[in-house]
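Below you'll find the structure, written out as structure tokens, and then a few comments.
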Amino acid sequence: MKVNQKAARNYEIDMCNGPLLSKIILFAIPLMLSGILQLLFNAADIIVVGRYAGSDSLAAVGATSALINLLINVFIGLSIGTNVLVARFFASHSEHDLEETVQTSVVIAFIGGVILIIVGFLFSGPLLTLMGTPDNVLPLSTLYMQIYFAGMPATLLYNFGSAILRAVGDTRRPLYYLLTAGIINVVLNLFFVIQFSMGVAGVALATVISQCISAGLIVLCLVRSDADYRIQLKRLRIVRDKFFSIVKIGFPAGLQGAIFSISNVLIQSSVNSFGSVAMAGNTASANIEGFIYTSMNAVYQTTLSFTSQNFGAKNYKRMTRVLLYCQGLVILVGIALDGGALLMGNQLLHIYSSDPAVIEYGLLRMRCYIVLYFTCGMMDVMVGALRGMGYSVLPMFVSLTGACAFRIVWIYTVFAANRTLPTLYYSYPASWILTFFAHLICYILIRRHLHISEKDWMNRELAGQKQPTQPA
């Protein structure tokens with residue numbers, strides 16, 4: 001058992017002491033690689049479908065992404081609550097609270113996955129119809145979603161398990177498990193689609209199998225661990241106060257993601273009105289941009305974990321350095337990848353489709369807002385800092401107002417007045433910049449409040465120490 005404990009320590013990162021920038025980079029790089037690998041495997045789905053099943057199948061898979069995110073984001077958001085609490089209790093050495101949080105999280109993940117199976121099976125078709133999915137695409141999109149949602153318990157178990165490991169500084173083992181499952185996913189894609197001509201059903205089935213493998217590996221890791229954050233199968237239960245703490249932090253984040261997805265569903269519906277070729281080009285471009293987003297999102301997750309641990313350890317000054325380093329890193333990563341995508345956009349889109357019309361639509365989307373894509377990362381890093389301090393409702397309202405509501409208003413005003421794809425796409429960078437500055441103001445006000453509270457606490461401590469020396 002001691003070997004397991006020592007092995008776990010080798011993967012952990014001390015976020016509260018020692019050099020900061022090197023640890024942030026060490027933490028973020030496996031997260032970036034994990035996200036990029038996930039997208040490569042998703043891209044394999046899109047490429048195999050586009051090349052061997054036709055543009056209708058490509059459009060069918062692309063038409064589901066916004067709706068899938070809408071349905072699962074609430075539960076994925078709850079894993080943020082798990083990450084924040086585990087990091088906080090780990091840094092403050094609260095072993096009992098840590099154990100209860102882990103066991104509660106696993107039960108939430110499994111129950112949430114079962115709920116999503118039911119929702120996906122019953123409502124995929126009606127919701128896709130409401131989105132205006134073309135008739136030639138609708139049956140394929142519905143089939144893809146119904147099979148995809150069969151793997152939801154595994155998807156959520158992997159996400160919650162990864163959140164637990166990230167909270168203690170371990171971003172490497174989730175990367176290894178994802179790599180293993182992803183390779184299997186690619187092999188199964190080729191096998192089901194090319195060998196058995198299963199089309200979108202084959203891609204969805206390969207995804208479900210790979211999700212089960214990654215979930216199994218991460219659960220096995222946490223069950224076999226001898227660390228305080230291990231999964232204890234006989235003690236799995238929902239602890240009331242930990243459940244509500246996870247919901248308090250995670251539900252606003254999940255709700256924000258879900259409502260964000262509503263705005264994206266509206267945008268996808270607007271794209272759908274331009275036909276299946278525009279949908280296919282939009283899908284291919286969005287998949288490429290996803291590599292940039294997931295790399296920047298890794299910095300957001302880094303901000304979240306480092307802020308949570310230092311908040312738990314009351315290292316408030318170190319939290320400010322975390323934010324500054326992470327903002328610099330996300331700007332650097334975003335600008336570098338934005339430039340690469342612009343320079344190689346035509347070549348990259350050819351990987352997804354050989355149809356010139358599809359490629360032209362993809363390039364149109366990329367030209368409209370990819371130059372300012374790094375501002376999306378800056379916005380997310382601010383959200384990570386706020387959530388890491390336990391403030392989840394405030395960034396939710398700010399994001400919903402500054403980004404989601406703004407985009408919806410844009411669709412029904414600016415886009416309604418000039419129904420072109422560039423007009424639709426310009427709503428993104430405008431909302432990112434607006435929301436970043438709103439989050440920055442919130443962070444400054446909260447940090448000022450924490451500074452005042454810290455000074456009051458220190459004054460009380462000093463007064464208590466001097467009290468015995470004062471005359472009666």
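Heads up: the sequence shown at position 447 corresponds to 447 in our numbering, and the numbers run straight through without jumps. All C-beta atoms in this analysis are idealised placements derived from N, C-alpha and C, irrespective of residue type, glycine included. No experiment lies behind these values; they were computed from the predicted model shown.
Counting only runs that start and end inside the stretch 112-137, there is no alpha helix (DSSP H) element of at least 4 residues.
For the pair Cys-221 and Ser-79, the Cα-to-Cα distance works out to about 18 Å.
Under the three-state reduction of DSSP output, Ser-22 falls in the helix class.
DSSP places His-350 in the uninterrupted alpha helix (DSSP H) bounded by 345-352. For Gly-54, the closest alpha carbon among the candidates Ala-341, Ala-167, Met-198 is that of Met-198.
Nearest in C-alpha terms to Tyr-229, of all of Leu-337, Phe-90, Leu-266, Arg-365, is Phe-90. If you check the CB distance, Gln-146 and Phe-121 come in under 7 Å. Using a Cβ distance threshold of 7 Å, Leu-140 and Val-219 do not count as a contacting pair. When only Cα atoms are considered, Asp-14 and Thr-302 end up about 13 Å apart. DSSP, reduced to helix, strand and coil, places Asn-315 outside both helices and strands of the structure shown, so it counts as coil. With fewer than 16 other Cβ atoms inside 10 Å of its own Cβ, Phe-244 counts as exposed. The Cβ-Cβ distance between Phe-110 and Pro-153 falls below 7 Å. The DSSP-derived three-state label of Phe-90 is helix. Separation of Tyr-369 and Tyr-300 (C-alpha to C-alpha, rounded to the nearest whole angstrom) is 20 Å.
A residue is called buried when at least 16 other Cβ atoms come within 10 angstroms of its Cβ; Gly-340 does not meet this threshold and is exposed. Put simply, of Asp-241, Asp-338, Leu-33 the residue whose alpha carbon is nearest the alpha carbon of Ala-286 is Asp-338. For the pair of segments examined, the stretch 316-332 was found not to touch the stretch 397-416: the number of CB pairs separated by less than 8 Å stays below three. Distance between Ala-44 and Ile-72, taken at the CA atoms: about 22 Å. Here Cys-16 carries a coil assignment [DSSP, helix/strand/coil].
Leu-445 counts as exposed, since fewer than 16 other beta carbons sit within 10 angstroms of its beta carbon. Nearest in C-alpha terms to Val-168, of all of Asn-159, Trp-432, Phe-306, Met-396, is Phe-306. Separation of Leu-342 and Ile-411 (C-alpha to C-alpha, rounded to the nearest whole angstrom) is 26 Å. For Ser-105, the three-state secondary structure derived from DSSP is helix. Ile-246 sits close to Gly-81, with the two beta carbons spaced by under 7 Å. Boundaries cannot be given for Val-168, as no alpha helix (DSSP H) includes it and DSSP labels it neither H nor E.
In its chain, beyond the 5 residues on either side, Ile-147, Tyr-148, Ala-150, Gly-151, Ala-154 have a beta carbon closer than 8 Å to the beta carbon of Val-208. DSSP places Ser-197 outside both helix and strand once states are collapsed to three, so it counts as coil. Ser-431 and Gly-402 do touch by the CB rule: their CB atoms are close to 6 Å apart, below 8 Å.
In the structure shown, the three-state DSSP call for Ala-227 is coil. Ser-214 is positioned such that its CB atom lies no closer than 7 Å to that of Tyr-176. For Leu-364, the enclosing alpha helix (DSSP H) covers residues 356-369. Each residue's CA atom was taken as its position, placing Val-239 and Asp-226 some 21 Å apart.
Nearest to Leu-332 by alpha-carbon distance, out of Phe-374, Gly-62, Arg-235, is Phe-374. In this structure, DSSP gives Ile-80 a helical state, which the three-state scheme calls helix.
Considering only Ala-298, Ala-336, Lys-234, Val-61, the residue with the shortest C-alpha distance to Ala-284 is Val-61.
Rounded to whole angstroms, Met-396 and Ala-163 show a C-alpha spacing of 20 Å.
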